[in-house]
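Read the structure below first, then the notes.
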Amino acid sequence: MRRETQHAVLFLLGGALVRIAADETFLRYVRPAQRWWLIGAGVVMIGLAVVATVRDVRGRTVPGADGHDHRTGPSPWLLVLPVLVVALVAPPALGADAVARQPTTAPADLAAPALPPGPAELGIGEAVARSIDGTLGDGRDLTVTGFLAHRDGDVVVARLTISCCAADARPHTVRLRGPGLQGAAALPVDTWVRVRGTVVAQAAKDNRWSPDLEVAELTVVAPPDDPYEL
Amino acid sequence: MTTTERPARLNSLHVFAGLLVVALVLRSTITEALAAPVVRTVATVFVAICVQALPFLVLGVLVSGAIAAFVSPAALRRVLPRRPGAAVPVAGLAGLALPGCECASVPVARRLIGQGVPEAAALAFLLAAPAVNPVVLVATAVAFPGEPGMVLARAAGSLATACVMGWLWQRAGRAEWIAARVRSPAHAGSGRWAVFAESARHDLVSAGGLLVVGALVAAVLSVLVPTSWTVGLADRWLLAVLVMAVLAVVLALCSEADAFVAASLSALPLVPRLVFLVVGPAVDVKLVALQAGTFGRGFAARFAPATFVVAVLCGVAAGVLTLGVR
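In the order they appear, the protein sequences are chains A and B. Here the first sequence is numbered in the numbering used here, starting from 33 and rising by one per residue. Here the second sequence is numbered in the numbering used here, starting from 96 and rising by one per residue.
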């Protein structure tokens, strides 16, 4: 690959990183804390590309008088791929397909303080963890927010938990039950909903870490900026 | 690619510009082709791995550029013990100082060899740095709050893998397995800062493309080979060790995140999950792609399988010694 092309690709890749970190797009892929890492990396890439271009134009660099850098091989071409995928498609956050594809896994060991009695609004990961350790209890009035997914014939409200990037996503789900289920079953998967109902935490023990929720009220909501839970 | 100097001939810049135009024109077709849920899942995981790993790669090439420009071979020789056998564990422990995941350590290890560090020591650093640094060990402690032994076992297993591979290379490794370009000094330039900028840029462009290959393979495999493999392995200890070792290779998780995935597979015994943590930072598809491009295919074809076997054995040994058979 010619040096000019390498510089152009590097410049675009740096630009793509800064671009997705400039708004909320990067939250589809990584944790919020990584924003400044992305901006820093993008700026360094752009800087290296600009410095090399300026030096080439001034004739300060030596390698290959024909303008080629023979030592890099064909691989720099592949850097174009993430640029194109981000610029053209910007794939959405993982959703119902990823949930259906993976078995649910155990929640993190919370060791959280007991919940005060009465209605509660929890993240789905926390609701699952509290169902397992017994701090949620049966019959409580619980509200959760997540996207709809189908699994093994059940309708579930799901959130994916990520620690670093979407590649390490683990699904946590609450299974919907009761007459209110009809409304949820009619909606397409990946619809974001806020569901209030009565929790059956016991169910989590036999249903692969997925407690049941007898639906009382279901509202379609806008997707949050950060679709994942930590 | 052309070798002519006549400006009229097609060169990579023209191809690149043409590619961008075609992509823009066909944008809606491409988006439609990617609309199937499984393809979108692969695309998201692919972009996620790239986006997550690129800042670490940038950190790695900045360190490697700094080594090329500001650290003389003589200074490195003074720091490391003279005998290569003793230099291996020292280089492994030096990995504590690079708080990144595996992508950062490949360009750094390459420059260390370029600056005359014994190969065995540089390879020990390559294997140890992503696994024994403080960020990764703290993440492991957070992921396994009830099992402090996991942190110790992980550090011991990874350090042992690095040292064994270093000593193995010293006994059986041949210099010609590593591509000759690795040993060539950094680009000549008109000053240290020029050497720094050009080395960092060159390493970034050549390693970045390989990272993309690795990310693509890992994204496809992670969808084809889901974690449902692990269902039903609770009572089969040995099989669980093997499956978790293979999963570590194909999932190519960042070493700062793999402990959380291992913790979530709570139906499995503890030692197989430890093996997952020891193998992952030492050998996975993204790392093999990076090594093949950086050190040569002949190197990766020998080094990766050997590392896999050594990492599994060291992981099992460290696990059984610190945690027992569970």
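Even glycine gets a Cβ: it sits at the ideal position worked out from N, Cα and C.
Here residue 151/B is buried. Its C-beta has 16 or more other C-beta atoms within 10 Å. For residue 231/A against residue 191/A, the beta-carbon gap comes to about 16 Å, at or over 8 Å, which does not count as contact. Between the segment 44-64 of chain A and the segment 74-84 of chain A there are three or more inter-stretch CB-CB distances shorter than 8 Å, so the stretches are counted as touching. For the 9 Å CB-CB criterion, residue 334/B and residue 313/B do not form a contact. In this structure, the straight-line span from the alpha carbon of residue 112/A to that of residue 118/B is close to 11 Å.
Chain-order list of chain A residues neighbouring residue 147/B: 61, 62, 66, 196, 197 and 199, by C-beta distance under 8 Å.
Restricting attention to beta strand (DSSP E) runs no shorter than 3 residues, the segment 200-234 of chain A encloses them at 202-209 and 224-232, ordered along the chain. Setting aside the 5 residues that flank it on each side, residue 215/B is surrounded in the same chain by 179, 183, 261, 264 and 265, each with a C-beta closer than 6 Å to its C-beta; the list follows chain order. Taking the beta carbon of residue 168/A as reference, no residue of chain B falls within 7 Å; the closest one sits roughly 18 Å away. DSSP places residue 187/B in the helix class (H, G or I) of the three-state scheme. Residue 85/A and residue 117/A have their C-alpha atoms roughly 25 Å apart. Note on geometry: alpha-carbon atoms of residue 134/B and residue 180/A lie some 19 Å from one another.
In this model, residue 225/B and residue 336/B are separated by some 21 Å (Cα to Cα).
For residue 47/A, the enclosing alpha helix (DSSP H) begins and ends at 35-54.
One Cα belongs to residue 393/B, the other to residue 273/B, and the distance between them is close to 7 Å. Counting only residues of its own chain and dropping the five nearest sequence neighbours on each side, residue 197/B has a CB closer than 7 Å to the CB of 225, 350, 376 and 382. About 7 Å separates the Cβ atoms of residue 369/B and residue 413/B, confirming a contact at the 8 Å cut-off. By alpha-carbon distance to residue 248/A, the top candidate from 147/A, 211/A and 256/A is 211/A.
Judged by DSSP in its simplified three-state form, residue 145/B adopts helix. Look at residue 58/A: its C-beta is under 9 Å from a C-beta on chain B. The beta carbon of residue 125/A sits closer than 9 Å to some beta carbon of chain B.
Pairing residue 159/B with residue 206/B gives a Cβ-Cβ distance under 9 Å. Taking 9 Å as the cut-off, the beta carbon of residue 226/A is found no closer than this to the beta carbon of residue 206/A. In this structure, the CA atom of residue 132/A is about 26 Å from the CA atom of residue 239/B. Across the segment 102-119 of chain B, CB contacts with chain A closer than 7 Å involve 106, 107, 108, 111, 114 and 118, in sequence order along the chain. For residue 202/A, the chain B residues whose Cβ falls inside 8 Å of its Cβ are 355, 356 and 359, in order along the chain.
Segment contact: the segment 212-220 of chain A against the segment 156-172 of chain A, fewer than three CB-CB distances shorter than 8 Å; contact not assigned.
Secondary structure of residue 180/A (DSSP, three-state): strand. When rounded, the separation of the alpha-carbon atoms in residue 149/B and residue 115/B is 22 Å.
Residue pairing by DSSP places residue 217/B opposite no residue, since no beta bridge is assigned to it. Taking C-alpha positions only, residue 353/B is separated from residue 147/A by approximately 30 Å. Taking C-beta atoms as the reference points, residue 243/A and residue 224/A fail to come closer than 9 Å. Taking a 10 Å sphere around the C-beta of residue 214/A, we find fewer than 16 other C-beta atoms and assign the residue as exposed. Counting of Cβ neighbours within 10 angstroms places residue 299/B among the buried residues, the total reaching 16 or more. The C-beta distance from residue 407/B to residue 302/B rounds to 26 Å, too long to fall under 8 Å, and the pair is not in contact. Residue 165/B counts as exposed, since fewer than 16 other beta carbons sit within 10 angstroms of its beta carbon.
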